[in-house]
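Asks: Shown below is the structure under consideration.
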Amino acid sequence: MRKGLFALILTLASFAAFAQGRNSDLTPEQRAENQTKTMTERLDLSDEQQKQVYALNLARVQKMQEMRESQTQDRAQMRASMEAFNTEIAKILTVEQQEKYKTMLEDRRNNGGRGPSDDSPVKP
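Under mature numbering (1 follows the signal peptide of the UniProt record, and there is no 0), the residues of the sequence shown are numbered -19 to -1, 1 to 105, in order.
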């Protein structure tokens, strides 16, 4: 019985570590670069838009990292930060890109934060 319980706990811990460790070793700059690359591919960003989006992504990633490392992880504050980010992104994107971005966000929400589903198109 103890061996079975221990195996179950070990298995659950392994899954949790794997899920968290996926991007935990990336620097904020690398995360911002990855996010900007994904947005560039999915939204067809211009060079100027890429620079602006990278700056916003970097600021957001750094702020989120600070919030996660603090002793008081305030979900409401994180949500407000994300909403502010989305407002700033909307100022950079064209109307067509904004619609694609909204679809990206919906896909992420529907897939539990794992990004777009395999059947969602990269570009229409």
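For each residue, glycine too, the CB sits at the ideal point set by N, CA and C.
Quick check on the DSSP output: what are the complete alpha helix (DSSP H) runs of length 4 or more inside the region 28 to 71, in order along the chain?
Replies: DSSP runs (the alpha helix (DSSP H)) wholly in the region 28 to 71: 28 to 50.
Asks: Would you mind reading off the limits of the alpha helix (DSSP H) that contains THR8?
Replies: Counting along the chain, THR8 falls outside any alpha helix (DSSP H), and DSSP gives it neither H nor E.
Asks: I think PHE66 touches LEU37, with their Cβ atoms under 8 Å apart; what is that distance to the nearest whole Å?
Replies: Contact holds; Cβ gap of about 6 Å.
Asks: For THR84, report the span of its alpha helix (DSSP H) as first-last.
Replies: Here the alpha helix (DSSP H) through THR84 covers 76 to 91.
Asks: Please report how far the alpha carbon of ARG90 lies from the alpha carbon of VAL76, in whole angstroms.
Replies: Using only the alpha carbons, I get a separation of about 21 Å.
Asks: Using a threshold of 8 Å, state whether the C-beta atoms of ILE73 and GLN30 are closer than that.
Replies: Yes, Cβ-Cβ distance for ILE73 and GLN30 is below 8 Å.
Asks: If you reduce the DSSP assignment to three classes, tell me which class THR19 lands in.
Replies: If DSSP states are grouped into helix, strand and coil, THR19 belongs with the helices.
Asks: Spatial neighbours of PRO9 within its chain, please: C-beta separation below 7 Å, excluding the five flanking residues on both sides.
Replies: Hits under 7 Å: LEU39, VAL42, GLN43, GLN46.
Asks: Determine the DSSP secondary structure at LEU24, reduced to helix, strand or coil.
Replies: Correct three-state label for LEU24: helix.
Asks: What does a CB cutoff of less than 7 Å around GLY2 pick up in its chain, not counting 5 residues either side in sequence?
Replies: Note that GLY2 scores a pLDDT of 48, beneath 50, so its modelled location is shaky; the value from the coordinates is reported in the next line. Closer than 7 Å at Cβ, skipping near neighbours: no residue.
Asks: Would TYR82 pass as a contact of LEU26 if the rule is Cβ separation under 8 Å?
Replies: Not closer than 8 Å, so no.
Asks: Below 8 Å on the Cβ atoms is my contact criterion, and I expect GLN58 with MET48 to pass it. Report the Cβ-Cβ distance as a whole number of Å.
Replies: So it is a contact: roughly 6 Å between Cβ atoms.
Asks: To the nearest whole angstrom, what separates the beta carbons of TYR35 and ALA71, a pair I think is in contact under 8 Å?
Replies: The Cβ separation is near 16 Å, so there is no contact.
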